[in-house]
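Have a look at the structure below, then the notes.
Protein chains: 2
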Amino acid sequence: MCAITPSRAGSFTSGELARLANVNVETILYYERIGMLAVPPRTEGGRRAYGTAEVKTLTFIRRSRELGFSIDEIRNLLGLAKGGHACGEVKAAALSHLTSIQGKIADLRRMEQTLAETAALCEGGNAPRCPILDALSK
Amino acid sequence: MCAITPSRAGSFTSGELARLANVNVETILYYERIGMLAVPPRTEGGRRAYGTAEVKTLTFIRRSRELGFSIDEIRNLLGLAKGGHACGEVKAAALSHLTSIQGKIADLRRMEQTLAETAALCEGGNAPRCPILDALSK
DNA sequence: GTGCCTCCTGTAGTCGCTACAGGAGCAAGG
DNA sequence: CCTTGCTCCTGTAGCGACTACAGGAGGCAC
Chain A
1 MCAITPSRAG SFTSGELARL ANVNVETILY YERIGMLAVP PRTEGGRRAY GTAEVKTLTF
61 IRRSRELGFS IDEIRNLLGL AKGGHACGEV KAAALSHLTS IQGKIADLRR MEQTLAETAA
121 LCEGGNAPRC PILDALSK
Chain B
1 MCAITPSRAG SFTSGELARL ANVNVETILY YERIGMLAVP PRTEGGRRAY GTAEVKTLTF
61 IRRSRELGFS IDEIRNLLGL AKGGHACGEV KAAALSHLTS IQGKIADLRR MEQTLAETAA
121 LCEGGNAPRC PILDALSK
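Top line first, the protein sequences correspond to chains A and B.
Reminder that position 91 of the first sequence reads as 91 in the numbering used here, one-by-one numbering, no gaps.
Reminder that position 51 of the second sequence reads as 51 in the numbering used here, one-by-one numbering, no gaps.
Dropping the structure here:
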C-alpha cells in the first residue's frame with residue numbers, strides 16, 4: 001500500500017508527500033502559499049521536510065476537494081478538526097454542502113432537459129434554418 | 001415586453017443593449033475585447049451604437065451560456081449560424097454538449113452519494129471523534 | 001450651476017490550480 | 001572525478017468567464 005518511504009529519517013520531501021497524498025508538487029506549494037498547509041521545516045540543503053501528519057492533512061484536503069468542498073470550506077473543516085469535539089458543526093457543514101451539490105444537480109438537469117428538447121426539434125442535415133439556433137436567440 | 005427604445009434612431013447604447021439582452025454592461029465590453037461581439041460604430045460623442053442584430057447575437061450568447069456552453073463553443077455556434085445551412089453540425093455540437101452535461105451530473109451524483117453516506121455516519125453533537133472527518137482523511 | 005447618471009478606458013481581482021523559466025543540488029553511472 | 005539526469009527551489013504568468021473597481025467625461029433634470 002505504502003511503497004514510498006521517507007528519504008531521511010521520518011521526513012518526506014515535497015515530491016514524496018505529493019506521491020503519498022496523490023496530488024501534484026505544485027499543488028503542495030500552492031497550498032503552502034495560501035496558508036492551507038503549514039510552512040514545514042527545511043533540511044540543511046533547503047528542502048522541505050514533511051512528517052506523517054502532513055500526509056494526513058493533504059489527503060484530507062484532496063478527498064474534500066474531490067467531494068466538491070471549496071478551499072475555504074476545507075479551511076473551516078480543518079479548523080474544526082483541530083479543535084476536536086465539533087462533530088455537530090462538521091455535520092452541519094457537510095449537509096449544507098450536500099444541499100449545494102443537489103442544487104447544482106438540479107441546475108444541470110434543467111440544462112439537460114432544455115438542451116435535449118431543443119436538439120430533438122432538429123432533423124440535422126443541411127436545412128437552411130436550424131431550430132436549435134432559432135431557440136437560442138429567443 | 002420590450003420597454004426599451006433606442007435613444008437615437010435605430011441604435012442602442014451599451015446600457016440599453018445590456019438591459020435588452022439581460023447581461024451586464026461589463027460583460028458586453030468583455031465580449032468585445034475577446035472578439036465575441038463585433039466592434040460597433042460610435043456616435044459623435046464616442047459612445048457605442050448597436051443595432052438590433054447585436055441584441056439577437058448577445059441574447060444568443062446569454063442563452064447558450066445559461067445552457068452551459070463555453071465561450072469557445074458559442075463562438076463555433078455563431079460561426080455556423082453565420083454560414084447558414086449547417087444544421088447537422090449544430091445538432092452534433094448540441095448533442096456533444098448534452099453528453100458532457102450528463103457526465104457532470106453523474107459526477108455530482110457520485111459526490112452526493114458519498115457525502116450523504118458519510119454524513120449519515122455522524123450523530124452530530126459533541127462526540128470526541130467525528131466519523132466524517134475520519135472518512136475524509138483516508 | 002450642481003448633482004447624478006451613464007458612459008468611457010484600463011487594470012486588477014476572483015478560484016484552484018497549472019505551466020513554465022531559470023537556477024541549484026544530489027545521486028548514480030562511467 | 002565528471003557528467004547526466006532527476007528532483008528540488010523561487011517566482012511569475014496563464015487559464016475561463018467574468019466582476020469590480022479607479023478615474024475621468026459627457027449629458028440631463030432640477
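C-beta: ideal position from N, C-alpha, C; glycine also.
- Relative to the Cα of A:Gly10, the nearest Cα in the group A:Asp134, A:Arg48, A:Thr118 belongs to A:Arg48.
- Take B:Ser14, set aside five residues on each side of it, and the residues of its chain with a beta-carbon closer than 6 Å to its own are Val25, Ile28, Arg48, in chain order.
- For A:Arg63, a Cβ of chain B is located within less than 8 Å of the residue's own Cβ.
- Spatial neighbours of A:Gly125 in its own chain (CB-CB distance under 7 Å, excluding positions within 5 residues in sequence) are not present.
- Apart from sequence neighbours up to five positions away, the residues of its chain that approach A:Leu17 with a beta-carbon distance below 7 Å are Ile28, Tyr50, Glu54, Val55, Leu58, ordered along the chain.
- A direct Cα-to-Cα measurement between A:Glu73 and B:Leu80 gives close to 42 Å.
- DSSP, read as helix, strand or coil, puts B:Arg129 in coil.
- With a threshold of 16 other beta carbon atoms within 10 Å, A:Leu121 falls short and is exposed.
- Within the segment 29-96 of chain B, the complete alpha helix (DSSP H) runs of at least 4 residues fall at 52-66, 71-83.
- In the structure shown, A:Ser14 adopts helical secondary structure according to DSSP, grouped into three states.
- Residue burial is scored here from C-beta neighbours: A:Ala106 has fewer than 16 other C-beta atoms within 10 angstroms and is therefore classed as exposed.
- One finds nothing in chain B with a Cβ atom closer than 8 Å to the Cβ of A:Val23; even the nearest lies about 14 Å away.
- Shown in chain order are the members of the segment 112-135 of chain B whose Cβ falls below 9 Å from a Cβ of chain A: Glu112, Thr114, Leu115, Ala116, Thr118, Ala119, Cys122, Glu123, Gly124, Gly125, Asn126, Ala127, Pro128, Arg129, Cys130, Pro131, Ile132, Leu133, Ala135.
- Here A:Gly124 carries a coil assignment [DSSP, helix/strand/coil].
- Taking C-beta atoms as the reference points, A:Ala135 and B:Leu98 fail to come closer than 8 Å.
- Between B:Glu44 and B:Phe12, the alpha-carbon positions lie close to 14 Å from each other.
- Residue contact with chain A for B:Thr59: present (Cβ-Cβ distance below 8 Å to some residue of chain A).
- Under the three-state reduction of DSSP output, B:Val25 falls in the helix class.
- Residue state for B:Lys104 is assigned as helix, using DSSP reduced to three classes.
- Counting only the Cα atoms, A:Leu20 lies some 35 Å from B:Ser70.
- Using a Cβ distance threshold of 8 Å, B:Leu115 and A:Leu77 do not count as a contacting pair.
- Contacts between B:Ile105 and chain A, judged by CB atoms closer than 8 Å, involve Ile105, Leu108, Arg109, Glu112 in chain order.
- Rounded to whole angstroms, B:Ile34 and B:Pro40 show a C-alpha spacing of 14 Å.
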